[in-house]
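In the numbering used here, the protein residues as written are 605 to 772.
C-beta atoms are modelled at their ideal positions from N, C-alpha and C, and glycine is treated no differently.
These figures come from a predicted structure and were not determined experimentally.
Below: one structure, written as C-alpha coordinates.
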(Lines of atoms letter the chains of each structure in order from A; the text may use other names.)
(Lines give C-alpha, C1' and ligand atoms only; values in the text may rest on other atoms or scores of the structure.)
Protein backbone atom coordinates (compact mmCIF):
# COMPACT_ATOMS: atom_id res chain seq x y z
CA UNK A 605 0.00 0.00 0.00
CA UNK A 606 1.47 3.38 -0.97
CA UNK A 607 1.69 6.47 1.21
CA UNK A 608 -0.89 8.27 -0.95
CA UNK A 609 -3.33 5.35 -0.61
CA UNK A 610 -2.93 5.45 3.18
CA UNK A 611 -3.58 9.21 3.16
CA UNK A 612 -6.74 8.70 1.11
CA UNK A 613 -7.97 5.96 3.45
CA UNK A 614 -7.42 8.14 6.51
CA UNK A 615 -9.32 10.99 4.88
CA UNK A 616 -12.21 8.76 3.81
CA UNK A 617 -12.55 7.13 7.25
CA UNK A 618 -12.35 10.50 9.01
CA UNK A 619 -15.09 11.99 6.80
CA UNK A 620 -17.37 8.95 7.14
CA UNK A 621 -19.46 7.64 10.06
CA UNK A 622 -17.08 4.72 10.56
CA UNK A 623 -15.54 4.30 13.99
CA UNK A 624 -12.93 1.73 13.01
CA UNK A 625 -11.36 0.50 9.77
CA UNK A 626 -8.89 -2.35 9.29
CA UNK A 627 -7.14 -3.62 6.17
CA UNK A 628 -4.65 -6.48 5.98
CA UNK A 629 -2.62 -8.24 3.32
CA UNK A 630 0.39 -10.59 3.37
CA UNK A 631 2.97 -8.06 4.63
CA UNK A 632 0.94 -5.09 5.78
CA UNK A 633 -1.79 -4.35 8.33
CA UNK A 634 -3.44 -0.96 8.88
CA UNK A 635 -5.93 -0.07 11.60
CA UNK A 636 -7.67 3.33 11.83
CA UNK A 637 -9.84 4.29 14.82
CA UNK A 638 -11.73 7.58 14.84
CA UNK A 639 -12.81 9.82 17.68
CA UNK A 640 -16.13 7.94 17.76
CA UNK A 641 -14.40 4.64 18.58
CA UNK A 642 -15.39 3.55 22.08
CA UNK A 643 -14.70 0.60 24.34
CA UNK A 644 -17.28 -1.21 26.49
CA UNK A 645 -18.31 1.65 28.79
CA UNK A 646 -18.66 4.20 25.98
CA UNK A 647 -15.60 6.33 26.78
CA UNK A 648 -13.83 7.91 23.84
CA UNK A 649 -10.48 6.25 23.17
CA UNK A 650 -8.99 8.91 20.89
CA UNK A 651 -9.89 12.48 19.97
CA UNK A 652 -8.21 12.24 16.56
CA UNK A 653 -7.86 9.46 14.02
CA UNK A 654 -5.46 6.90 15.40
CA UNK A 655 -3.46 4.90 12.89
CA UNK A 656 -1.49 1.78 13.73
CA UNK A 657 0.53 -0.43 11.45
CA UNK A 658 1.67 -3.92 12.32
CA UNK A 659 5.01 -3.49 10.52
CA UNK A 660 6.34 -0.94 12.99
CA UNK A 661 6.53 -1.34 16.78
CA UNK A 662 6.93 2.42 17.32
CA UNK A 663 4.00 4.28 18.85
CA UNK A 664 2.28 7.19 17.17
CA UNK A 665 3.48 10.64 18.32
CA UNK A 666 1.26 12.46 20.77
CA UNK A 667 -1.46 14.59 19.21
CA UNK A 668 -0.92 18.33 19.25
CA UNK A 669 -3.20 20.37 21.48
CA UNK A 670 -5.69 22.55 19.68
CA UNK A 671 -4.40 26.09 19.16
CA UNK A 672 -5.68 28.54 21.75
CA UNK A 673 -8.17 31.18 20.65
CA UNK A 674 -6.77 34.71 20.43
CA UNK A 675 -7.14 36.71 23.65
CA UNK A 676 -8.87 39.65 21.99
CA UNK A 677 -10.24 39.96 18.47
CA UNK A 678 -9.13 42.94 16.40
CA UNK A 679 -11.66 45.74 16.44
CA UNK A 680 -13.64 47.17 13.53
CA UNK A 681 -11.70 47.84 10.34
CA UNK A 682 -8.67 45.74 11.34
CA UNK A 683 -10.88 42.65 11.62
CA UNK A 684 -12.42 43.28 8.19
CA UNK A 685 -8.99 43.88 6.60
CA UNK A 686 -7.57 40.69 8.10
CA UNK A 687 -10.57 38.66 6.93
CA UNK A 688 -10.23 40.12 3.42
CA UNK A 689 -6.47 39.42 3.39
CA UNK A 690 -6.85 35.76 4.42
CA UNK A 691 -10.00 35.02 2.38
CA UNK A 692 -8.01 34.27 -0.78
CA UNK A 693 -5.26 32.29 0.97
CA UNK A 694 -5.04 28.50 0.73
CA UNK A 695 -3.84 26.29 3.57
CA UNK A 696 -1.33 23.50 3.05
CA UNK A 697 -2.41 20.91 5.62
CA UNK A 698 -0.71 17.92 7.17
CA UNK A 699 -1.93 14.70 5.56
CA UNK A 700 -0.78 12.63 8.55
CA UNK A 701 -0.19 12.71 12.30
CA UNK A 702 3.42 13.20 13.33
CA UNK A 703 6.18 15.72 14.06
CA UNK A 704 6.60 18.70 11.70
CA UNK A 705 10.07 19.61 10.40
CA UNK A 706 10.75 22.59 8.14
CA UNK A 707 14.08 21.26 6.82
CA UNK A 708 15.42 17.87 5.72
CA UNK A 709 17.97 17.88 8.58
CA UNK A 710 19.05 20.28 11.36
CA UNK A 711 22.03 21.58 9.36
CA UNK A 712 20.05 22.21 6.15
CA UNK A 713 17.94 25.28 5.29
CA UNK A 714 14.15 25.18 5.53
CA UNK A 715 12.23 23.91 2.52
CA UNK A 716 10.09 27.09 2.56
CA UNK A 717 10.28 30.56 4.10
CA UNK A 718 7.73 33.36 4.07
CA UNK A 719 7.88 35.02 0.66
CA UNK A 720 9.10 31.91 -1.21
CA UNK A 721 7.24 30.68 -4.27
CA UNK A 722 5.92 27.13 -4.20
CA UNK A 723 4.68 25.00 -7.10
CA UNK A 724 2.29 22.09 -6.99
CA UNK A 725 4.30 18.96 -6.18
CA UNK A 726 7.17 20.79 -4.41
CA UNK A 727 8.27 19.34 -1.06
CA UNK A 728 7.27 21.87 1.62
CA UNK A 729 8.24 20.04 4.82
CA UNK A 730 8.72 16.66 6.47
CA UNK A 731 6.33 15.00 8.91
CA UNK A 732 7.95 12.21 10.90
CA UNK A 733 5.58 9.43 11.92
CA UNK A 734 6.63 6.11 13.45
CA UNK A 735 10.31 6.72 12.65
CA UNK A 736 9.48 7.37 8.98
CA UNK A 737 10.27 10.78 7.50
CA UNK A 738 7.47 11.62 5.04
CA UNK A 739 8.06 14.42 2.53
CA UNK A 740 4.90 16.54 2.28
CA UNK A 741 4.22 17.97 -1.17
CA UNK A 742 2.25 21.10 -1.96
CA UNK A 743 -1.11 20.65 -3.64
CA UNK A 744 -1.18 24.33 -4.67
CA UNK A 745 1.06 26.87 -6.38
CA UNK A 746 1.67 30.38 -5.11
CA UNK A 747 3.62 32.47 -2.61
CA UNK A 748 4.08 31.44 1.04
CA UNK A 749 2.47 34.08 3.24
CA UNK A 750 2.79 32.46 6.66
CA UNK A 751 4.29 29.40 8.36
CA UNK A 752 1.70 28.28 10.92
CA UNK A 753 3.65 25.60 12.85
CA UNK A 754 6.96 25.82 14.70
CA UNK A 755 9.73 23.38 13.81
CA UNK A 756 9.67 20.03 15.67
CA UNK A 757 6.06 20.50 16.83
CA UNK A 758 3.53 17.66 16.80
CA UNK A 759 0.76 17.93 14.20
CA UNK A 760 -2.51 16.11 13.69
CA UNK A 761 -4.20 15.03 10.49
CA UNK A 762 -5.45 18.13 8.61
CA UNK A 763 -3.49 20.62 10.75
CA UNK A 764 -2.80 23.77 8.67
CA UNK A 765 0.96 24.13 8.13
CA UNK A 766 1.35 27.01 5.66
CA UNK A 767 -0.78 29.79 4.18
CA UNK A 768 -0.23 30.27 0.43
CA UNK A 769 -1.43 33.11 -1.77
CA UNK A 770 -2.28 31.48 -5.12
CA UNK A 771 -2.09 34.88 -6.85
CA UNK A 772 1.49 35.41 -5.61
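- Are the beta-carbon atoms belonging to residue 718 and residue 746 less than 8 Å from one another? Start at 1 with the first residue of the chain shown, and residue 718 comes out as number 114. Start at 1 with the first residue of the chain shown, and residue 746 comes out as number 142. Not in contact: residue 718 and residue 746 (Cβ atoms no closer than 8 Å).
- Query: Mind checking residue 699: buried by the 16 CB within 10 Å criterion, or exposed?
  - Reply: Mapped onto the chain shown, residue 699 falls at position 95. Counting Cβ neighbours within 10 Å, residue 699 comes out buried, since at least 16 surround it.
- residue 626: first and last residue of the uninterrupted beta strand (DSSP E) it sits in: The residue you call residue 626 lines up with position 22 of the chain shown. Note, residue 626: beta strand (DSSP E), 624 to 628.
- Task: Could you have a look at residue 634 and say whether DSSP puts it in helix, strand or coil?
- Result: Against the chain shown, residue 634 aligns to sequence position 30. Three-state result, residue 634: strand.
- Proximity to residue 606 [Cα-Cα], best of 623, 631, 619: For the purposes of this step, residue 606 is identified with residue 2 of the chain shown, where counting begins at 1. Checked all of 623, 631, 619; the closest Cα to residue 606 is 631.
- Query: Is it true that the region 751 to 760 meets the region 736 to 743, where meeting means three or more beta-carbon pairs spaced less than 8 Å apart?
  - Reply: no
- Query: When we look at the beta-carbon of residue 771 and count the other beta-carbons within 10 Å, is it buried (16 or more) or exposed?
  - Reply: Here residue 771 corresponds to residue number 167 of the chain shown, with the count starting at 1. Exposed, by the Cβ-count rule.
- Message: Quick check: the Cα distance between residue 609 and residue 711, rounded to an integer number of angstroms?
- Response: Position 5 of the chain shown, counted from the start, is the residue given in the question as residue 609. Position 107 of the chain shown, counted from the start, is the residue given in the question as residue 711. The straight-line gap from Cα to Cα measures roughly 32 Å.
- Query: Should residue 614 go down as buried or exposed, given a rule of 16 or more other Cβ atoms within 10 Å for buried?
  - Reply: Residue mapping note: residue 614 aligns to position 10 of the chain shown, counting from 1. When all chains shown are included, residue 614 counts as buried.
- Task: Would you kindly work out how many angstroms separate the C-alpha atoms of residue 635 and residue 627, rounded to a whole number?
- Result: Residue mapping note: residue 635 aligns to position 31 of the chain shown, counting from 1. Residue mapping note: residue 627 aligns to position 23 of the chain shown, counting from 1. The alpha-carbon atoms of residue 635 and residue 627 are separated by roughly 7 Å.
- Message: Going by DSSP in three states, residue 608 sits in which element: helix, strand or coil?
- Response: In the chain shown, counting from the first residue as 1, residue 608 sits at position 4. Three-state result, residue 608: helix.
- Quick one: Cα of residue 759 to Cα of residue 629, how far? Within the chain shown, the letter at position 155 stands for residue 759. Within the chain shown, the letter at position 25 stands for residue 629. Rounded to the nearest angstrom, the two C-alpha atoms are 29 Å apart.
- Specify the secondary structure class of residue 727 as computed by DSSP and reduced to three states. Taking the first residue of the chain shown as position 1, residue 727 is located at position 123. Note: residue 727 maps to strand in three-state DSSP.
- Message: Using DSSP's beta-bridge definition, name the partner residues of residue 756.
- Response: On the chain shown, residue 756 is found 152 positions in, with the first residue counted as 1. Per DSSP, none; premise fails for residue 756.
- Outcome for residue 737 when other beta-carbon atoms lying within 10 angstroms are tallied against a minimum of 16: By one-based count along the chain shown, residue 737 stands at place 133. Burial call: exposed.
- Cα-Cα separation between residue 762 and residue 697, rounded to whole angstroms: Residue mapping note: residue 762 aligns to position 158 of the chain shown, counting from 1. Residue mapping note: residue 697 aligns to position 93 of the chain shown, counting from 1. Answer to the nearest angstrom: the Cα atoms are 5 Å apart.
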